[in-house]
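*Asks:*
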Amino acid sequence: MISGTHKILVMKGVVEKGSDEFLRTIDLRDDIVPTESPLMSRINGDATVEEIFDALKQLTKASVGM
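Those letters in the sequence shown? Residues 6 to 71, per our numbering, in order.
1. Determine the contact status of residue 42 and residue 61, defining contact as a CB-CB distance below 9 Å.
2. In chain order, what residues of the same chain lie with their CB nearer than 8 Å to the CB of residue 18, ignoring the 5 residues before and after it?
3. Can you look up residue 54 in the DSSP assignment and give me helix, strand or coil?
4. Going by DSSP in three states, residue 62 sits in which element: helix, strand or coil?
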């Protein structure tokens with residue numbers, strides 16, 4: 006992945022294993038997208054459709070300004 010070319014929506018509680026438990030090479034998520042990036046948003050896994058839509062809308066607005 007190239008930093009700044011994609012958006013990430015993290016939905017907490019949707020999968021049982023965190024990304025840190027999966028087999029990977031040397032890259033970590035923070036190496037690719039800093040957690041304070043406007044291109045990363047986090048919501049609960051039980052979010053409503055409206056909450057997911059709002060989070061995606063904010064990510065889209067953030068990417069337009071970059």
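All C-beta atoms in this analysis are idealised placements derived from N, C-alpha and C, irrespective of residue type, glycine included.
*Replies:* To lay it out plainly:
1. Here residue 42 is taken as the residue at index 37 of the sequence shown, counted from 1. Here residue 61 is taken as the residue at index 56 of the sequence shown, counted from 1. No, they are not a contact pair.
2. In the sequence shown, counting from the first residue as 1, residue 18 sits at position 13. Closer than 8 Å at the Cβ level, and outside the excluded window around residue 18, lie 49, 50, 51.
3. Taking the sequence shown and counting its residues from 1, one reaches residue 54 at position 49. Correct three-state label for residue 54: helix.
4. As a working mapping, residue 62 is identified with position 57 in the sequence shown. In the structure shown, residue 62 sits in a helix (DSSP, three-state: H, G or I).
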